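Here is the structure we will look at.
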């Protein structure tokens with residue numbers, strides 16, 4: 320197995336302190352948003368044998384196992400991250416596999432450069448993802464019941480929101496949500512900015528259930544995404560709790576530190592809270608207009624001490640081990656590739672002792688026994 324040297328991405332929304340605190344190093348003063356673990360071409364992990372991408376390319380079946388290669392091709396199908404949100408991320412949604420293939424092929428056929436700012440589909444893959452909180456973690460996930468949202472908007476006392484309140488009461492659920500989101504994102508920018516300013520002042524004054532939206536508006540003043548965000552469920556995860564974000568579910572991460580795992584894709588359709596391109600027609604094609612519970616996940620314990628976060632996809636499988644002082648060793652040997660990540664304490668595997676924020680790549684079938692006292696996350700695939 321190989322110790323991983325991982326890249327930290329300095330996106331503007333990143334916390335300046337959360338990742339340094341986890342790693343036990345001094346902050347640089349710059350935002351540190353994500354630490355990537357995997358073979359994504361944008362920032363592949365480094366190993367003593369070269370980048371992880373180079374290692375996998377040299378002998379896919381040896382590193383990934385025959386079953387994983389047969390199922391997903393000669394690549395690692397997931398990307399593991401530590402994510403540290405100090406400010407809200409963009410409000411976004413991801414396509415399903417068929418939509419991603421269709422969108423990618425269409426943009427390729429039209430000759431849209433892959434690095435063009437208005438390009439929606441960077442690849443032909445879907446991007447389901449799971450976020451597991453390491454600290455208290457705030458996010459938005461899925462549409463709230465339209466009638467409840469109507470009450471929330473009406474409570475602001477902003478006259479220009481009244482048409483949206485009426486729409487949410489007057490139509491069936493899917494039509495109501497579609498019409499309101501379409502209206503918000505298609506409205507005159509100057510008029511909408513004025514509405515957002517009024518709504519922000521009311522959210523700040525009222526506090527309580529409105530407080531998360533006041534904070535969002537502080538970071539994105541005048542952005543239509545502030546009103547779009549109010550259509551969604553606000554959820555606060557406690558450490559160890561998780562959210563699974565499937566295709567078509569609008570969401571945004573707001574604040575906190577977590578372990579994130581996703582299918583290896585860059586396909587994002589944005590709804591707001593961003594200076595980047597918002598393709599409203601394509602977004603409306605992708606979004607699932609249905610109210611839903613955020614569905615907070617808690618891990619399912621197995622007899623050997625593994626705690627598994629169950630999801631309906633096979634490109635990744637995330638679990639954790641909480642190892643007590645003086646506890647038994649655990650054999651994590653598996654016929655699929657694994658990344659093991661320590662987030663607390665000190666955990667030994669093979670010749671490597673892992674401290675918080677440190678990780679290793681374990682090839683398929685490689686012996687992997689772990690011991691020590693701490694928390695270890697295990698990322699692999701189902702093949």
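In this note's numbering, the protein residues as written are 320 to 702.
Each residue gets a CB set at the ideal place from its N, CA and C atoms; glycine is no exception.
For clarity, every value in this text was computed on a predicted model and none was experimentally measured.
So the candidates are 649, 641, 682 and 701; which of them puts its Cα closest to the Cα of residue 692? 641
Does the distance from the C-beta atom of residue 563 to that of residue 480 stay below 8 Å? no
What are the start and end residues of each continuous alpha helix (DSSP H) run of 4 or more residues lying completely inside the segment 498–563, in chain order? 508–525, 530–538 and 544–548
Integer-rounded CB distance, given that residue 412 should sit under 8 Å from residue 568: 7 Å
From 684, 695 and 679, residue whose alpha carbon lies closest to that of residue 358: 679
Give the DSSP bridge partners of residue 574, in chain order. 457
What do you get for residue 677, buried or exposed, if any count of 16 or more other CB atoms within 10 angstroms of its CB means buried? buried
Please list the terminal residues of the continuous alpha helix (DSSP H) segment that includes residue 422. 416–428
Output yes or no for whether 8 Å exceeds the beta carbon distance between residue 700 and residue 656. yes
Quick check on DSSP: helix, strand or coil for residue 473? helix
Assuming residue 362 and residue 326 make a contact with CB atoms under 8 Å, what is their CB distance in whole Å? 4 Å
For residue 522, I'd like the list of residues in its chain whose CB is within less than 8 Å of its CB, leaving aside the five on either flank, ordered along the chain. 475, 529, 530, 532, 533 and 536
Look up residue 568 in the DSSP assignment and say whether it is helix, strand or coil. coil
Enumerate in chain order the residues of its own chain whose CB-to-CB distance from residue 453 is below 7 Å, with the five nearest sequence positions on each side excluded. 558, 576, 577, 578 and 662
Between the segment 385–405 and the segment 427–436, do three or more beta carbon pairs fall short of 8 Å? no
Throw me the rounded Cβ distance for the residue 540 and residue 503 pair, which I believe falls under 8 Å. Rounded, the Cβ-Cβ distance is 16 Å, inconsistent with contact.
Nearest residue (CA-CA) to residue 546, options 367, 468 and 386: 468
Among 367, 682 and 695, whose alpha-carbon lies nearest the alpha-carbon of residue 665? 695
Give, in chain order, every unbroken run of the beta strand (DSSP E) that is at least 3 residues long and sits entirely within the segment 651–685. 657–668, 671–673 and 678–681
Residue 489: first and last residue of the uninterrupted alpha helix (DSSP H) it sits in: 481–489
Determine the closest residue to residue 555 out of 602, 455 and 648, with distance taken between C-alpha atoms. 455
For residue 595 and residue 405, believed in contact at Cβ under 8 Å, the rounded distance: Not really, about 18 Å apart at Cβ, beyond 8 Å.
Let me know if residue 645 comes out buried or exposed under the rule of 16 or more other beta-carbons within 10 Å of its beta-carbon. exposed
Given this structure, state the Cα-to-Cα distance separating residue 441 from residue 581, to the nearest angstrom. 15 Å
Using beta-carbon positions only, say whether residue 610 and residue 492 come within less than 8 Å of one another. yes
Between the C-alpha atoms of residue 688 and residue 702, what's the straight-line distance to the nearest angstrom? 21 Å
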